[in-house]
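Colleague:
In the working numbering, the protein residues as written are 3 to 346.
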């Protein structure tokens, strides 16, 4: 008889209001919904994962993820193994976060240096930069592609005027531009101040030509989802650093979990490409797990995790000390949608 690795597991669902409407690819979010997986191992340690599909980016809804997460958690709780390739990306991230936690004795106490997120160049953002009193980061991340090209160029230049000359911008276009628009934009900003543009157009075959014409490099984000979960290193070799690839942006919720991210990270390092972990507006618990992954892969890299300010109550859910349970007041504030106890 196989002995179960876990005593019990729970799935909690959260619905949290955002501090202001969040404009995504195909919709505007005012409420963020997600799922927290809690599993207690045989010696009483508590492990957590998060499955929070991002509307407009994830292929699964939170309802679909909830149904699959319950089935996957029950199977994993009883058998200790599961085929992650059959899981939705967000569910794979939750299950594999449990596996990642099981392999630890404690969480790393190191802190990453983040790249702060700027959603535009509105008055509040510019005042934030004018009043900056901390050490400057190496890079800021700026969303582009939501306005016309002239407005995006103005936003970049206004921000560059307010930050030191050695601080660069990571730009994220989310595939919103045509090739001509990307060309127009890149021709009007200083390439030396741009680390890369994430997904400048809808077609990744255009990225190298944009680099050859403008000198502005690119990063892969959404494109990685097209290849998940079965991408081989050979298939990834169509992207090369000498053709402008500067980074792979790994979002475990979207790409397909921990093992998938680590495989892509290995490929990137072998090809001298940066590995940048990034969030998909997860809770503080999910962000902490992504931070631990980033520290394991490259403690010197700055992940993109500056998204908690999107929530009205950023502390509604957080990763506790290793092996401990989350405070009951936080658990009780979420809906317990499923519980399971194994026969040890």
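Idealized CB from N, CA, C, for every residue including glycine.
Tell me the residue span of the beta strand (DSSP E) that contains residue 51.
Modeller: Looking up residue 51 in the chain shown gives position 49. Counting along the chain, the beta strand (DSSP E) containing residue 51 begins and ends at 48-53.
Colleague: Which stretch, first to last residue, makes up the beta strand (DSSP E) that contains residue 36?
Modeller: Residue 36 sits at position 34 when you count from the first residue of the chain shown. Segment 30-43, the beta strand (DSSP E) holding residue 36.
Colleague: On the CB-based measure, 16 or more other CB atoms within 10 Å of its CB, does residue 129 come out buried or exposed?
Modeller: Start at 1 with the first residue of the chain shown, and residue 129 comes out as number 127. It counts as exposed.
Colleague: Can you name the start and end residues of the beta strand (DSSP E) that residue 174 belongs to?
Modeller: The sequence position of residue 174 within the chain shown is 172, counting from 1. Per DSSP, residue 174 belongs to the beta strand (DSSP E) from 170-174.
Colleague: Would you give the residue range spanned by the beta strand (DSSP E) that residue 206 belongs to?
Modeller: The sequence position of residue 206 within the chain shown is 204, counting from 1. Looking at the DSSP string, residue 206 is not in any beta strand (DSSP E), and its letter there is neither H nor E.
Colleague: Leaving out five residues before and five after residue 303 in sequence, what residues of the same chain have Cβ atoms less than 8 Å from its Cβ?
Modeller: Here residue 303 is taken as the residue at index 301 of the chain shown, counted from 1. For residue 303, where only same-chain residues beyond five positions count, the Cβ hits under 8 Å are 114, 276, 277, 278, 279 and 296.
Colleague: I'd like the span of the beta strand (DSSP E) that includes residue 10, first residue to last.
Modeller: The residue given as residue 10 occupies position 8 in the chain shown. Here the beta strand (DSSP E) through residue 10 covers 8-25.
Colleague: From the DSSP output, which residues share a beta bridge with residue 338?
Modeller: One-based indexing of the chain shown puts residue 338 at position 336. Answer is 14, bridged to residue 338.
Colleague: Are the CB atoms of residue 178 and residue 148 within a distance shorter than 9 Å?
Modeller: Along the chain shown, one-based indexing puts residue 148 at 146. Along the chain shown, one-based indexing puts residue 178 at 176. Yes, Cβ-Cβ distance for residue 148 and residue 178 is below 9 Å.
Colleague: Check whether the region 328-343 touches the region 8-26, taking contact to mean three or more Cβ pairs, one atom from each stretch, closer than 8 Å.
Modeller: With the cut-off at 8 Å, the region 328-343 and the region 8-26 touch.
Colleague: Figure out for me which residue from 27, 97, 122 and 166 has the closest Cα to the Cα of residue 135.
Modeller: For the purposes of this step, residue 135 is identified with residue 133 of the chain shown, where counting begins at 1. Checking every option, the nearest Cα to that of residue 135 belongs to 166.
Colleague: If contact is defined by three or more beta carbon pairs under 8 Å, each pair taking one atom from either stretch, is the region 214-226 in contact with the region 182-197?
Modeller: Flag = yes, the region 182-197 and the region 214-226 touch.
Colleague: At the level of alpha carbons, what is the spacing between residue 3 and residue 10?
Modeller: By 1-based counting over the chain shown, the position of residue 3 is 1. By 1-based counting over the chain shown, the position of residue 10 is 8. At residue 3 the pLDDT is 40, less than 50, meaning the model places this residue with poor confidence and gives no usable figure here.
Colleague: From residue 159 to residue 31, what does the alpha carbon distance come to, in whole angstroms?
Modeller: Your numbering for residue 159 matches position 157 in the chain shown. Your numbering for residue 31 matches position 29 in the chain shown. Roughly 28 Å between the two C-alpha positions.
Colleague: Closest to residue 40 by C-alpha separation, out of 33, 51, 46 and 34, would be which residue?
Modeller: Looking up residue 40 in the chain shown gives position 38. The shortest C-alpha separation from residue 40 is found at 51.
Colleague: For a test of the three-state rule: what should DSSP assign to residue 119, helix, strand or coil?
Modeller: Translated into the one-based positions of the chain shown, residue 119 becomes position 117. The answer is strand: DSSP assigns residue 119 an E or B state.
Colleague: Taking three-plus beta-carbon pairs below 8 Å as touching, is the region 86-95 in contact with the region 249-259?
Modeller: Short answer: they touch.
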